[in-house]
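Numbering (the working numbering), first residue to last: 1455 to 1693.
Glycine residues also receive a C-beta, built at the ideal position from the N, C-alpha and C atoms.
Only a predicted model underlies this, so the values are computations on that prediction, with no experimental measurement involved.
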Amino acid sequence: MRRVRQGSVAVVAIGVAVALLSGCTASPPTPLPTASPTASAQPTRAPAPSVEPDPSPSEGATAADPLDSSTWPTYVSERYGFSIGHPQDWSVVPAARGWTMDADAGVIDSPAQDGFLSPGGHAWVTAFVAPYEGEATHAGVQRWVEQHCAASMSTECAGIGERAEPLCSGTAHCAPGLLVSLAYDVQAFYLGRGPAPRMTAVMIWRAHSFHIAGLGSARETLDAFLATMDVHAIQTGSP
């Protein structure tokens, strides 16, 4: 995936959280950009997001108790209008502009995403809403996910639609959606309700089994974020 930009932000030091303010809302973690990309700052690929390693148990570890996000504080995106819960001690970085496929697909430090940063910078969750012109079906979502992957210049696009897990499958009130686990991140895409469908995307920039202190795996953490929205993952812990 395209994950960082060249130039002054060649390495996304999410773990360098000294620029974060205490409380719910924070300044973007240095050196995430705060302006739209320019012609001299083209996205590029990196092997993994440069977050700090988690000092707690890593691969395969799980939280001691089932993860319950029902009491998390709710953040309402001023730019996109969706509501999403986040852990009390996570910092919020609001989106600075609207999201576009060409400029922002696969870019971990895109200023077009609402971001949520864990204490110590061990995990980074982002969310955005994008225009959508396809049919409101899982097949339509799959085609959009394949387009997004191609725009991200990922090496994992082959068969990505077939590998994706359905969200809210068999649940009448749930909108169509897919969850995709890649080498370095887990991505969820679903169509929001309304007369004009829009694609909502929520991503955690860690491998699915990476352990996040107090929460469990990255996949379990993403599921908990999704559970605070109008969509949920039908499975938990699957790669």
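What's the C-alpha gap between SER1523 and ILE1666?
-> 15 angstroms
So, helix, strand or coil for GLU1702, using DSSP?
-> Summary: the structure shown does not reach residue 1702, with the chain confined to residues 1455 through 1693, and so no result is reported for it.
Taking 9 angstroms as the CB-CB cut-off, is ALA1655 touching chain D?
-> The chain inventory of the structure shown lacks chain D, comprising one protein chain alone.
Where do the N-terminal and C-terminal ends of the beta strand (DSSP E) with ALA1650 fall, by residue?
-> Here ALA1650 belongs to no beta strand (DSSP E), and DSSP marks it neither H nor E.
Which value, in whole angstroms, describes the spacing of the CA atoms of ASP1558 and THR1591?
-> 24 angstroms
What runs of the beta strand (DSSP E), each 3 residues or longer, lie entirely inside the stretch 1576-1602?
-> 1578-1585
Backbone secondary structure at LEU1633 - three-state DSSP | strand
Taking one C-beta from the stretch 1650-1663 and one from the stretch 1606-1617 each time, how about it: are there three or more such pairs within less than 8 angstroms?
-> no
Residue of TRP1659, TYR1644, HIS1662, GLY1588 minimising C-alpha distance to PHE1536 | TYR1644
Cβ-based burial, THR1580 [other Cβ within 10 Å; buried from 16] | buried
Hey, out of ALA1618, GLU1600, HIS1662, whose CA is closest to ALA1637's CA?
-> HIS1662
How is THR1675 classed by DSSP in three states: helix, strand or coil?
-> helix
Measuring alpha carbon to alpha carbon, tell me which of TRP1526, TRP1553, VAL1530 ends up nearest ASP1543.
-> TRP1526
Coarse secondary structure for LEU1571, derived from DSSP in three states = strand
Cα-Cα separation, ALA1681 to VAL1599 = 21 angstroms
If you draw a straight line from the C-alpha of ALA1618 to the C-alpha of GLU1610, how long is it?
-> 12 angstroms
Is the CB-CB distance between LEU1521 and LEU1632 below 9 angstroms?
-> no
Backbone CA spacing between ASP1556 and GLN1641 [nearest angstrom] = 18 angstroms
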